[in-house]
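*Asks:* In our numbering, the protein residues as written are 4 to 253. A virtual CB, placed ideally from N, CA and C, is assigned to each residue, including glycine. Keep in mind that this is a model prediction, so the values were computed, not measured. Below you'll find the structure I mean.
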Amino acid sequence: MIKIPVMTMKERALNYPYEAPAGSFLISGGYCRDLPDSYGFDDRVGVLSVGSNRAPAQLYRKFGEDADIPVTAVNIHGCDIVHVANLAPYGAVPCSAFPCDGVVAPLNIAWLTKSQLAIMHETESLGVAYEFVEWDCRQVEHLHPKAVDRLFGYASLAGALGYGTEEPVALQAIKSQNRQFTAISQTEALSHLFASYAGNIAQFDLWLERCQQDSQFRDDVVDQLADSAIAASNPPWQAVPPDIDGVFSH
């Protein structure tokens, strides 16, 4: 049982996508605990966690101390996890899945109640940063006895971050197998943005604070990122309506 830490704004930017257990776990009472074998998943739907939602610290920040959230480990086949052409309000370069044959990405599934899914929708800026999607379950290798009939998630609308190459750049913090894309850290991704879009700001820390505090400045950076963004083709998911009642009616 591990107490979940609370991060500063700078830590949220530089440490994205945050530490996550390799296996399954349970968020409960502000702690990260082992997931009991007897845990009941009634009235919950599976939502694939691709970036920070993999991490206990982010789930705790979004859902609070009173939330119980079971999380099960999976491997996703045929995709890697890449930096996207966007900036989160807290200053991190977010990520999304991107098709890549032969790659296996170690991720997890957060099993959410109806009210928790509503909160998750709000935090994912649907229609602006991400779209709600349903995955092809044939891509999913479960590492826990609990499996899914339907798997939902969030896919970036911005496209992958252009990094001076024709291919996306993967997240170094997520250790995909058979990786084919070059991997960089969050610090390297942010340093690239600073070098390219700092304007008249001379120091990285000041630029990062400006991105966090000035939404118009951040939006201007994001608008420039769109020019070199890389779109995914033939992804193993499809956009679906973010209707929560519809999701739980099946």
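#1: Go ahead and pull the three-state DSSP assignment for SER252.
#2: Give me, in chain order, the residues of the same chain whose beta-carbon lies closer than 7 Å to that of GLN241; leave out the 5 immediate sequence neighbours on both sides.
#3: State the start and end residues of the unbroken alpha helix (DSSP H) segment that holds TYR34.
#4: Apply the 10 Å Cβ neighbour rule to PRO252 and answer buried if 16 or more other Cβ atoms are within range, or exposed otherwise.
#5: Curious, which full-length beta strand (DSSP E) runs of at least 3 residues does the region 83-163 contain?
#6: My understanding is that TYR157 touches GLU127, with C-beta atoms under 8 Å, so please give their C-beta distance in whole angstroms.
#7: Which residues does DSSP pair with ALA186 in a beta bridge?
#8: What are the boundary residues of the alpha helix (DSSP H) that GLN227 is part of?
#9: Decide if the region 22-35 is in contact with the region 91-104; the criterion is three or more beta carbon pairs, one per stretch, under 8 Å apart.
#10: Counting pairs of beta carbons, one from the region 215-230 and one from the region 142-159, are three or more of them closer than 8 Å?
#11: Is it buried or exposed for GLN206, if we count other Cβ within 10 angstroms and need 16 for buried?
#12: Would you check if the distance between the CB atom of ALA176 and the CB atom of VAL85 is smaller than 8 Å?
#13: Label LEU209 either buried or exposed according to how many other C-beta atoms from any shown protein chain fall within 10 Å of its C-beta, with 16 as the threshold for buried.
#14: Run the CB neighbour count on ILE30, radius 10 Å, all protein chains shown included, and call it buried at 16 or more, exposed below.
#15: Within 10 angstroms of its Cβ, does PHE44 collect 16 or more other Cβ (buried), or is it exposed?
#16: Where does GLN142 land, buried or exposed, given buried means 16+ other C-beta within 10 angstroms?
#17: DSSP beta-bridge partners for HIS80?
*Replies:* Well, looking at it:
#1: Numbered from its first residue, the sequence shown carries residue 252 at position 249. Judged by DSSP in its simplified three-state form, SER252 adopts coil rather than helix or strand.
#2: As a first step, residue 241 is located in the sequence shown; it is residue number 238 there, counting from the start. If we look at GLN241 and ignore the five residues flanking it on each side, its Cβ neighbours are VAL136 and GLU137.
#3: Along the sequence shown, one-based indexing puts residue 34 at 31. Looking at the DSSP string, TYR34 is not in any alpha helix (DSSP H); the run it does join, the beta strand (DSSP E), is 34-36.
#4: Taking the sequence shown and counting its residues from 1, one reaches residue 252 at position 249. Correcting the residue identity first, residue 252 is Ser in this sequence and not Pro. Counting Cβ neighbours within 10 Å, SER252 comes out exposed, since fewer than 16 surround it.
#5: You should have 98-115, 133-138, 143-145 and 154-159.
#6: The residue labelled residue 157 in the question sits at position 154 within the sequence shown. The residue labelled residue 127 in the question sits at position 124 within the sequence shown. The pair is a contact, with the Cβ atoms about 5 Å apart (cut-off 8 Å).
#7: Here residue 186 corresponds to residue number 183 of the sequence shown, with the count starting at 1. Residue pairing for ALA186: DSSP places it in a beta bridge opposite ALA173.
#8: The residue you call residue 227 lines up with position 224 of the sequence shown. Membership of GLN227 in the alpha helix (DSSP H) is indicated by the continuous run 218-228.
#9: Contact annotation: the region 22-35 does not touch the region 91-104, with fewer than three C-beta pairs closer than 8 Å.
#10: The region 215-230 vs the region 142-159: no contact.
#11: Counted from its first residue, the sequence shown places residue 206 at position 203. Sixteen is the threshold: since fewer than 16 other Cβ atoms of the shown chains lie within 10 Å of the Cβ of GLN206, the residue is exposed.
#12: For this step, residue 176 is matched to residue 173 along the sequence shown. For this step, residue 85 is matched to residue 82 along the sequence shown. Cβ atoms of ALA176 and VAL85: not closer than 8 Å.
#13: The residue labelled residue 209 in the question sits at position 206 within the sequence shown. It counts as exposed.
#14: Reading the sequence shown from its first residue, position 27 is the one you call residue 30. With a 10 Å radius around the Cβ and a threshold of 16 neighbouring Cβ atoms, ILE30 comes out buried.
#15: Locating residue 44 in the sequence shown gives position 41, where the first residue counts as 1. With fewer than 16 other beta carbons inside 10 angstroms of its own, PHE44 counts as exposed.
#16: What you label residue 142 is simply residue 139 of the sequence shown in a count that begins at 1. Flag for GLN142 reads buried.
#17: Residue numbering aside, residue 80 sits at position 77 when the sequence shown is read from its first letter. Its beta-bridge partners are VAL107.
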